[in-house]
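Okay, so here's the structure we're looking at.
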Amino acid sequence: GTIFISAIAMFVALPTGLFSAIYLVEYSNKRIRSVVKPLLEILAGIPTIVYGFFAILTVGPFIREFGTSLGLDVASNSALAAGGVMGIMLIPFISSFADDAISAVPQSLRDGAYALGATRAETIRQVLLPAALPGIVGGVLLAVSRAIGETMIVVMAAGLTATLTANPLEGVTTVTVQIVTLLIGDTEFDSPKTLAAFGL
């Protein structure tokens, strides 16, 4: 469940965050950048419990109703809802790191590419992204670690059902949720389940 929900979250966050960073650095004017960049920074500071409520009150019912209208059997708590909302939560992290990495690329590299006749898209694809790759990868790794360690969104949106499934429309749980459940439940502290959770 942990890897499954994290993969869904990265599928949402990675392209959106990367393309928004490219747009902000290379295509937007200063006025749009001065509004959107602080907005992304504010989104990064929203508590995860707020995202969890958003998932359980808005995204979960929407996915259930949409799936039911298509004739699919959709659980009230689904991995798709948790992963999608977690992806929305991770967009500011990836976008901010990618923005900083692309902005740090020297202007001389851009000018050199333009002097050789490269278009703006070719310059971004063949010069800027390879030069900014270490910073972008750092942001992605930070986002993945945040997705793996996330608890509240998964508890509220995906439920507590410990099932091994590849269906994103069913409820799953993650390792961190299991640790929380064992700590607040009536399981004895020296039971194999609790000790295995702490071992992870």
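According to our numbering, the stretch in the sequence shown is residues 278 to 477, in order. All C-beta atoms, glycine included, are put in the ideal place defined by N, C-alpha and C. No experiment lies behind these values; they were computed from the predicted model shown.
In terms of residue numbering, what span does the alpha helix (DSSP H) encompassing Thr-396 cover? Reading the sequence shown from its first residue, position 119 is the one you call residue 396. That residue, Thr-396, is in no alpha helix (DSSP H); it is neither H nor E in DSSP.
In this structure, how does DSSP classify Ser-385 when only helix, strand and coil are distinguished? Reading the sequence shown from its first residue, position 108 is the one you call residue 385. Residue state, collapsed to three classes: helix.
Closest by CA to Ala-420, which one among Thr-279, Leu-386 and Leu-291? Residue numbering aside, residue 420 sits at position 143 when the sequence shown is read from its first letter. If we check each option's Cα against that of Ala-420, Leu-291 comes out closest.
In whole angstroms, what is the alpha-carbon distance linking Thr-279 and Met-287? By one-based count along the sequence shown, residue 279 stands at place 2. By one-based count along the sequence shown, residue 287 stands at place 10. Looking at the two C-alpha atoms, the distance is approximately 12 Å.
In its own chain, which residues sit with a C-beta less than 7 Å from the C-beta of Phe-281, not counting the 5 before and 5 after it? Within the sequence shown, the letter at position 4 stands for residue 281. Cβ within range, chain order: Ala-356 and Val-449.
If we require 4 or more residues per run, which alpha helix (DSSP H) segments fall completely within the stretch 331–381? 337–346 and 356–380
Tell me, please, whether the stretch 401–409 touches the stretch 339–354 by the rule of three or more beta-carbon pairs shorter than 8 Å. no
Distance, Ser-372 Cα to Phe-296 Cα: For the purposes of this step, residue 296 is taken as the residue at position 19 of the sequence shown. For the purposes of this step, residue 372 is taken as the residue at position 95 of the sequence shown. Each residue's alpha carbon lies about 8 Å from the other.
For Ile-309, name the three-state secondary structure that DSSP assigns. Taking the first residue of the sequence shown as position 1, residue 309 is located at position 32. The answer is helix: DSSP assigns Ile-309 an H, G or I state.
Is the beta carbon of Val-312 closer than 7 Å to that of Ser-380? By one-based count along the sequence shown, residue 380 stands at place 103. By one-based count along the sequence shown, residue 312 stands at place 35. No, the Cβ-Cβ distance between Ser-380 and Val-312 is not below 7 Å.
For Asp-388, count neighbouring C-beta atoms within 10 Å of its own C-beta (all shown protein chains included) and say buried if the count is 16 or more, exposed if not. Sequence index remark: in the sequence shown, residue 388 carries index 111 (1-based). The residue is exposed, with fewer than 16 neighbouring Cβ atoms inside 10 Å.
For Leu-410, decide whether its Cβ has a neighbour in chain B, counting only Cβ atoms nearer than 7 Å. The question asks about chain B, but that chain is absent: this structure has only one protein chain.
Give me the Cα-Cα distance between Ile-425 and Ser-283, rounded to the nearest whole angstrom. Numbered from 1 along the sequence shown, position 148 holds the residue referred to as residue 425. Numbered from 1 along the sequence shown, position 6 holds the residue referred to as residue 283. The alpha-carbon atoms of Ile-425 and Ser-283 are separated by roughly 6 Å.
Expressed to the nearest angstrom, what Euclidean distance is found between the alpha-carbon atoms of Gly-361 and Gln-384? To locate residue 361, count along the sequence shown from 1; it is residue 84. To locate residue 384, count along the sequence shown from 1; it is residue 107. In a straight line, the C-alpha of Gly-361 is about 36 Å away from that of Gln-384.
If you reduce the DSSP assignment to three classes, tell me which class Ile-323 lands in. Within the sequence shown, numbered from 1, the residue matching residue 323 stands at position 46. Ile-323: coil per DSSP, three-state reduction.
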